[in-house]
Amino acid sequence: MLDKLKAIADRYFEVERLISSPDAMNDMKLYVLLSKEYKDLSPIIDAYNEYKNVISNINSSKEILKEESDDEMREMAKMELDDLLPRKQEMDEEIKVLLIPKEPEDAKNAVMEIRAGAGGDEASIFVGDLYRMYTAFASSKGWTIELVDIAEGTSGGYKEIIFNVNGEDVYGQLKFESGVHRVQRVPQTETQGRVHTSASTVIVLPEAEEFDIELLPSDIRKDTYCSSGPGGQSVNTTYSAVRLTHIPTGVVAQCQDQKSQLKNYDKALKVLRSRIYEIELQKKLEEDAKHRKTMVSSGDRSAKIRTYNYPQGRVTEHRIGLTKYNLQATMGGDIQEFIDELQLAENAEKLKVGTTSES
């Protein structure tokens with residue numbers, strides 16, 4: 001492990017030098033990539049420095065026990081070893097996790113889409129519930145949410161809500177939310193108190209930056225239309241809404257949230273770029289799936305991933321068999337525990353595959 005950490009440290013100092021080089025200063029794409037690599041390597045270097053210090057102190061304590069005859073010195077060395085040896089074991093496991101290669105998309109912002117599935121009005125109402133849950137979670141993380149498009153349903157619900165989430169390592173956390181979310185509860189319109197099961201689909205895309213995907217203006221068809229959502233007279237009577245179609249792929253994105261056509265165009269372009277980027281990402285995930293089990297973050301939109309049972313106050317995460325009786329807190333945005341457990345499961349799978357491939 002020390003040899004591997006030494007090689008990473010060499011790369012860290014090389015990146016540190018390259019960031020301030022004229023080549024990086026004159027190439028924004030190179031500068032961004034180097035800065036990200038430097039940031040990703042920093043926690044490993046911090047752990048490496050502590051790890052070296054722990055090993056050095058262990059060796060010193062062992063040397064004292066071997067050479068020293070003074071009882072007091074020997075007792076101090078034993079006490080030191082009692083603290084250091086467990087810490088070394090802890091660090092062995094911590095560093096193994098740190099050495100798992102990070103997905104390059106994890107640091108990106110995210111584009112989220114929530115759509116009503118089976119269940120009629122109740123599914124549409126649940127779309128709004130999920131949107132409020134993610135809004136509260138984003139707020140707790142210090143992230144910001146930017147609404148892109150909204151299609152209202154009946155009974156106060158929504159057919160679809162599309163929004164951007166901006167912050168640090170957003171996609172790496174929210175990617176686990178992709179899939180079908182089920183809700184089991186008594187609808188407000190149900191007179192006999194029967195529990196219904198409805199579903200909404202959540203899609204999480206890594207927000208593609210301009211240098212991730214090059215879109216030629218000649219490949220994009222732009223259509224404008226009057227906004228149909230809330231916003232008052234000026235929104236609904238001017239051609240401010242924008243629909244973009246990527247002609248080579250047929251991918252479509254639209255935005256009608258802003259009064260400004262230009263702002264709607266920029267937002268729609270961001271979604272369009274991310275959807276096209278995701279097509280390439282899915283190809284990569286499918287290739288990875290041949291080598292390892294992508295149980296957690298494959299982004300299978302047809303997979304039932306979580307059930308919210310209101311009568312029992314229960315939330316069940318089906319991918320890892322985790323059940324919590326904290327539905328009210330969960331719907332209030334407290335989903336970090338689910339995400340942490342999913343990340344642990346994914347890391348365990350990566351470690352298992354890494355150990356197998358090394359042997």
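Counted the way the working numbering counts, the sequence shown spans residues 1 to 359. Ideal Cβ placement from N, Cα and C applies to all residues, glycine included.
Whole-angstrom C-beta distance between residue j and residue i, which should lie under 8 Å
{"i": "residue 135", "j": "residue 167", "result": "Actually they do not touch by this definition, with Cβ atoms about 13 Å apart."}
{"i": "residue 127", "j": "residue 116", "result": "5 Å"}
{"i": "residue 205", "j": "residue 110", "result": "7 Å"}
{"i": "residue 184", "j": "residue 310", "result": "7 Å"}
Closest Cα partner of residue i within the set the options
{"i": "residue 91", "options": "73, 49, 70", "result": "49"}
{"i": "residue 129", "options": "106, 158, 109", "result": "158"}
{"i": "residue 208", "options": "279, 11, 149", "result": "279"}
{"i": "residue 343", "options": "101, 18, 173", "result": "173"}
{"i": "residue 59", "options": "38, 74, 44, 81", "result": "81"}
{"i": "residue 1", "options": "13, 18, 47", "result": "47"}
{"i": "residue 55", "options": "24, 30, 83, 41", "result": "83"}
{"i": "residue 165", "options": "107, 219, 317, 75", "result": "107"}
{"i": "residue 217", "options": "27, 248, 351", "result": "248"}
{"i": "residue 137", "options": "341, 313, 351, 334", "result": "334"}
{"i": "residue 222", "options": "188, 253, 86", "result": "253"}
{"i": "residue 265", "options": "17, 149, 39, 27", "result": "149"}
{"i": "residue 8", "options": "42, 195, 258, 17", "result": "42"}
Euclidean distance between Cα positions of residue i and residue j
{"i": "residue 197", "j": "residue 256", "result": "31 Å"}
{"i": "residue 224", "j": "residue 243", "result": "6 Å"}
{"i": "residue 53", "j": "residue 36", "result": "27 Å"}
{"i": "residue 295", "j": "residue 346", "result": "Model confidence at residue 295 stands at a pLDDT of 43, short of 50, so the residue's coordinates are unreliable; what they give is reported in the following sentence. Those two C-alpha atoms are separated by around 7 Å."}
{"i": "residue 200", "j": "residue 10", "result": "48 Å"}
{"i": "residue 250", "j": "residue 6", "result": "48 Å"}
{"i": "residue 338", "j": "residue 21", "result": "42 Å"}
{"i": "residue 161", "j": "residue 124", "result": "10 Å"}
{"i": "residue 349", "j": "residue 97", "result": "11 Å"}
{"i": "residue 320", "j": "residue 326", "result": "17 Å"}
{"i": "residue 88", "j": "residue 94", "result": "10 Å"}
{"i": "residue 151", "j": "residue 121", "result": "13 Å"}
{"i": "residue 291", "j": "residue 66", "result": "Note on residue 291: pLDDT 46, under 50, position unreliable in the model; the coordinate value appears next. Straight-line Cα distance between these residues: approximately 48 Å."}
{"i": "residue 281", "j": "residue 112", "result": "16 Å"}
{"i": "residue 219", "j": "residue 203", "result": "25 Å"}
{"i": "residue 235", "j": "residue 133", "result": "For residue 235, the predicted structure reports a pLDDT of 46, less than 50, and the residue's modelled location is therefore unreliable. The matter cannot be settled from this model."}
{"i": "residue 68", "j": "residue 340", "result": "47 Å"}
{"i": "residue 298", "j": "residue 283", "result": "Here the model assigns residue 298 a pLDDT of 43, short of 50, so the residue's position is not dependable, and the following value carries that caveat. Taking the straight line from one Cα to the other gives about 11 Å."}
DSSP beta-bridge partners of residue i
{"i": "residue 160", "result": "115, 151"}
{"i": "residue 308", "result": "183, 315"}
{"i": "residue 254", "result": "243"}
{"i": "residue 75", "result": "Answer is none; residue 75 lacks a bridge partner."}
{"i": "residue 205", "result": "111"}
{"i": "residue 145", "result": "165"}
{"i": "residue 223", "result": "243"}
{"i": "residue 322", "result": "317"}
Chain B within 8 Å of residue i, Cβ atoms only
{"i": "residue 178", "result": "Protein chains in the displayed structure number just one, and chain B is not present."}
**Stretch pair the segment 261-273 + the segment 213-221: three plus CB contacts closer than 8 Å** = yes
**Message:** Assess contact between the segment 301-319 and the segment 177-184, defined as three or more Cβ pairs (one per stretch) separated by less than 8 Å. Is contact present?
**Reply:** When C-beta atoms of the segment 301-319 are compared with those of the segment 177-184, three or more pairs fall below 8 Å, so the two segments count as touching.
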